[in-house]
Amino acid sequence: MAAAPDSAGAQAVEKQLKICGFKRNMDVLVLHLAGQGLRSIPSLSRFDRLRYLWINNNKIQDLTFLVKNHCLTELYLNNNEVTDISGALKHLRALQILLLHNNQLENLGKTVEELKGMISLQTLNLFHNPLAQDPGYRLCVIYFLPSVQLLDRKPIAQRERESALHVYNHERSCVVQSIAFGKRLNTPLVTKTGYSRCTQPARRLMIPSGCEFGNHTNKVPFENPADAVFLRAMTRSIMEFSSVDWNKVSTCQERRLENKAEEPHEKLTVKFSGKKLLMTVTQSC
14 MAAAPDSAGA QAVEKQLKIC GFKRNMDVLV LHLAGQGLRS IPSLSRFDRL RYLWINNNKI
74 QDLTFLVKNH CLTELYLNNN EVTDISGALK HLRALQILLL HNNQLENLGK TVEELKGMIS
134 LQTLNLFHNP LAQDPGYRLC VIYFLPSVQL LDRKPIAQRE RESALHVYNH ERSCVVQSIA
194 FGKRLNTPLV TKTGYSRCTQ PARRLMIPSG CEFGNHTNKV PFENPADAVF LRAMTRSIME
254 FSSVDWNKVS TCQERRLENK AEEPHEKLTV KFSGKKLLMT VTQSC
């Protein structure tokens, strides 16, 4: 007579404890339960220090047995029959490696939402799940799980992160591009001197009195980031560079020998102010 599913899982756990020679539950840091055809596993809450768990290559659908294993850093759940992880993994905030490929996960939004709190997660496999067929699957995971470095066995490139930011947070992407070092500001640097009476003034976010930012009190921030970028461009410091053709300047010895007054030499001055370039040539004695 075949053992009941729960009984088979319990037997597999006890067998593994004997093989490893564990005497106390607190000594169990690693547990191998892979490839045993298990459909369910009893609660592992007694192993509260468990860090590494292999339960891949089984027929598991329910993950509620992990409810109290907060110390898990590596979890191998690939090659099972998991259809939904909602409410089963979000408390595992110490996870660094999570393999979920070759399952039946269908809802990309719910899956990503469950994993968003895992700030230490670096390696994630979700390929060979129905959700991986979504056209925006990879960029979605990259944007909402920024700690992940290796997704589906492929390192995440910086250009992919930029693309994900552009797709899922277009406004922020535009601001980042506009204030990046070496980028041009598309807004014309012309101060507006007037406005129509029908035009309503832009609504600004007021700061309660008494609030201070640095050395400024009651500072009113810009509601539109583009306005802040414009002001920054308008108030840039002037940079000035001056140069002299020293080949035309006499040395002290030449001035003594020739015994004549030195002609004024030319100085070239270049000034940068915002997007303006000013060049002047002056004569100095």
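Residues 14 to 298 (the numbering used here) are what the sequence shown spells out, left to right.
All C-beta atoms in this analysis are idealised placements derived from N, C-alpha and C, irrespective of residue type, glycine included.
Straight-line gap, residue i to residue j (C-alpha atoms, nearest Å)
{"i": "Asn142", "j": "His83", "result": "26 Å"}
{"i": "Arg217", "j": "Pro55", "result": "Low per-residue confidence applies at Arg217: pLDDT is 45, beneath 50, and the placement is therefore not dependable, though the value from the model is reported in the following sentence. Roughly 57 Å separates the two Cα atoms."}
{"i": "Ser160", "j": "Leu178", "result": "14 Å"}
{"i": "Glu87", "j": "Ile110", "result": "5 Å"}
{"i": "Arg268", "j": "Val262", "result": "10 Å"}
{"i": "Thr204", "j": "Thr282", "result": "Unreliable positioning characterises Thr204 in this predicted model, as indicated by a pLDDT of 42, which lies under 50. The coordinate reading is nonetheless provided below. Distance between the alpha carbons of Thr204 and Thr282 is about 26 Å."}
{"i": "Ser222", "j": "Leu144", "result": "Confidence is the limiting factor: at Ser222 the pLDDT is only 47, short of 50, which leaves the residue's position unreliable, though a coordinate-based value still follows. Cα-Cα distance, rounded: 50 Å."}
{"i": "Phe194", "j": "Pro168", "result": "Below a pLDDT of 50, predicted positions are generally treated as unreliable, and Phe194, at 47, falls in that range; no measurement from the model is reported."}
{"i": "Gln146", "j": "Lys36", "result": "46 Å"}
{"i": "Leu46", "j": "Ala25", "result": "7 Å"}
{"i": "Gln74", "j": "Ser176", "result": "34 Å"}
{"i": "Ala23", "j": "Leu30", "result": "11 Å"}
{"i": "Cys33", "j": "Val95", "result": "28 Å"}
{"i": "Glu27", "j": "Asp40", "result": "14 Å"}
{"i": "Thr264", "j": "Ser255", "result": "20 Å"}
{"i": "Asp61", "j": "His104", "result": "13 Å"}
{"i": "Gly100", "j": "Gln171", "result": "31 Å"}
{"i": "Gly149", "j": "Asn182", "result": "14 Å"}
{"i": "Leu90", "j": "Gln162", "result": "19 Å"}
{"i": "Ile98", "j": "Arg166", "result": "21 Å"}
Under 9 Å between C-beta atoms of residue i and residue j
{"i": "Lys81", "j": "Arg52", "result": "no"}
{"i": "Leu66", "j": "Leu79", "result": "yes"}
{"i": "Lys123", "j": "Phe157", "result": "no"}
{"i": "Asp134", "j": "Leu113", "result": "The sequence shown places Leu at residue 134, rather than the Asp named in the question. No, the pair does not count as a contact, with Cβ atoms beyond the cut-off."}
{"i": "Arg59", "j": "Leu85", "result": "no"}
{"i": "Glu127", "j": "Leu152", "result": "no"}
{"i": "Leu164", "j": "Leu137", "result": "yes"}
{"i": "Leu102", "j": "Leu118", "result": "no"}
{"i": "Gly50", "j": "Ala21", "result": "yes"}
{"i": "Leu57", "j": "Leu44", "result": "yes"}
{"i": "Asp258", "j": "Glu279", "result": "yes"}
Unbroken alpha helix (DSSP H) run spanning residue i, endpoints
{"i": "Glu271", "result": "265-271"}
Start-to-end residues for the beta strand (DSSP E) that takes in residue i
{"i": "Glu87", "result": "87-89"}
{"i": "His45", "result": "43-45"}
Nearest-angstrom Cβ-Cβ length linking residue i and residue j, presumed shorter than 8 Å
{"i": "Arg106", "j": "Ile132", "result": "7 Å"}
{"i": "Asn38", "j": "Asn70", "result": "Going by Cβ atoms, the distance from Asn38 to Asn70 rounds to 25 Å, so no, they are not a contact pair."}
{"i": "Val125", "j": "Val154", "result": "6 Å"}
Length at least 4, wholly inside the stretch 109-174: the alpha helix (DSSP H) runs in chain order: Correct list: 121-128, 150-157.
Any beta strand (DSSP E) of 3 or more consecutive residues that is wholly inside the stretch 52-89: If only complete runs of 3 or more residues are kept, the stretch 52-89 shows the beta strand (DSSP E) at 65-67, 87-89, in order along the chain.
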